[in-house]
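First to last, the protein sequences are chains A and B. All the letters of the first sequence, read from the start, carry residue numbers -15 to 169 under this note's numbering. All the letters of the second sequence, read from the start, carry residue numbers 3 to 77 under this note's numbering.
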Amino acid sequence: MEGSKKFFDKITQTEFYQMWFKNAYSYVTGAVLLSILQIATLASTGEPWGVSGVFANWGAWIYEAFGGSVDKWYYFSSQGAQNTLNSGILNDPGSYRNMGIIVGALLATLFASQFKIKKIKNKKQIVAATIGGLLMGYGARLSFGCNIGALYGGIASLSLSGWVFAIFMFVGAVAGSKLLVKYFM
Amino acid sequence: MKEVILDCMGEACPVPLIKCQNKIAELDLGDIMIVQIDHSCAMKNVPEWANKEGYNCELEEVDDGEWEVIIEKTR
Chain A
-15 MEGSKKFFDK
-5 ITQTEFYQMW
5 FKNAYSYVTG
15 AVLLSILQIA
25 TLASTGEPWG
35 VSGVFANWGA
45 WIYEAFGGSV
55 DKWYYFSSQG
65 AQNTLNSGIL
75 NDPGSYRNMG
85 IIVGALLATL
95 FASQFKIKKI
105 KNKKQIVAAT
115 IGGLLMGYGA
125 RLSFGCNIGA
135 LYGGIASLSL
145 SGWVFAIFMF
155 VGAVAGSKLL
165 VKYFM
Chain B
3 MKEVILDCMG
13 EACPVPLIKC
23 QNKIAELDLG
33 DIMIVQIDHS
43 CAMKNVPEWA
53 NKEGYNCELE
63 EVDDGEWEVI
73 IEKTR
């Protein structure tokens, strides 16, 4: 075991491993990479990068797997939405993107030897996370996008709605932070 | 010269930073605060804040995904 650790140390302690896999990229590097990949995704799928819409589809598929039906739901009534649902998860490029993000994040943290499963400290965290998650999901569908689809995609598409979203996301973050400190810390 | 340990394991941003800001106000000049964190975002913004405030700051990786930020209140 000691031998294999020394071998891997020879790789992970090199300057380039540290630069590419261990240390965080700068904000500029991150922005450039995200922009290149956003262009690639728009060019190949015809849609800008979006995350929360896919979650709504995942929810619909799970609901249908348990015997439910979303055919009468207004949200899924458009032809495009019906096509996506009927084609299934394996034909949905957005699903591959979201799964890619999850797998990619896992790989990044494993390569940097920073993987850790964090324990839940107290019940307040569960309550805060649940309320926050529900609000985020609900809000993301009301605005037809989250910080990625509505903010990043919206502003990049030169849409005024992206800027409106940005302002109110900022307001929401301030309000949320104050609530967090007051009730959940 | 006291040494205080601030356990922020399992806390998500911005809680570690806020706890640091509150705690350092209680310390005297020369005291050392050791912040235990396991959130990679705090690993960036706590040292950034400490350096901006002018405190001596050191970051140590103690285990996979766990860090200790050692802050000395120098002003």
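Glycine residues also receive a C-beta, built at the ideal position from the N, C-alpha and C atoms. Fair warning: this is a prediction, and the values are worked out from it, not measured in the lab.
Residue interval of the alpha helix (DSSP H) (run including residue i)
| i | result |
| --- | --- |
| residue 12 of chain A | 11 to 29 |
| residue 38 of chain B | Unbroken run through residue 38 of chain B is the beta strand (DSSP E), 34 to 39; no alpha helix (DSSP H). |
| residue -3 of chain A | Residue -3 of chain A -> no alpha helix (DSSP H), and no H or E assigned at all. |
Span of the beta strand (DSSP E), counted from its first residue to its last, around residue i
| i | result |
| --- | --- |
| residue 58 of chain B | 58 to 65 |
| residue 148 of chain A | Not the beta strand (DSSP E): residue 148 of chain A falls in the alpha helix (DSSP H), residues 144 to 167. |
| residue 80 of chain B | Only positions 3 to 77 of chain B appear in the structure, and residue 80 of chain B is not among them; the question remains open. |
Where residue i falls, given that 16 or more other Cβ within 10 Å makes a residue buried
| i | result |
| --- | --- |
| residue 9 of chain A | exposed |
| residue 13 of chain B | buried |
| residue 46 of chain A | exposed |
| residue -5 of chain A | exposed |
| residue 75 of chain B | buried |
| residue 73 of chain B | buried |
| residue 110 of chain A | exposed |
Neighbourhood of residue i by C-beta distance below 8 Å, restricted to the same chain and skipping five residues each side
| i | result |
| --- | --- |
| residue 25 of chain B | 6, 8, 35 |
| residue 164 of chain A | 112 |
Contact set for residue i: own chain, Cβ-Cβ below 7 Å, skip 5 residues either direction
| i | result |
| --- | --- |
| residue 5 of chain A | 95, 96 |
| residue 146 of chain A | 134, 135, 138, 139 |
| residue 44 of chain A | 54, 60, 69 |
Sequence-distant residues of the same chain with beta carbon closer than 6 Å to residue i, five excluded per side
| i | result |
| --- | --- |
| residue 134 of chain A | 127, 149 |
| residue 77 of chain A | 29 |
| residue 112 of chain A | 168 |
Residues bridged to residue i [DSSP beta-bridge criterion]
| i | result |
| --- | --- |
| residue 8 of chain B | B:37 |
Three-state secondary structure assigned by DSSP to residue i
| i | result |
| --- | --- |
| residue 77 of chain B | coil |
| residue 7 of chain A | coil |
| residue 3 of chain B | coil |
| residue 77 of chain A | helix |
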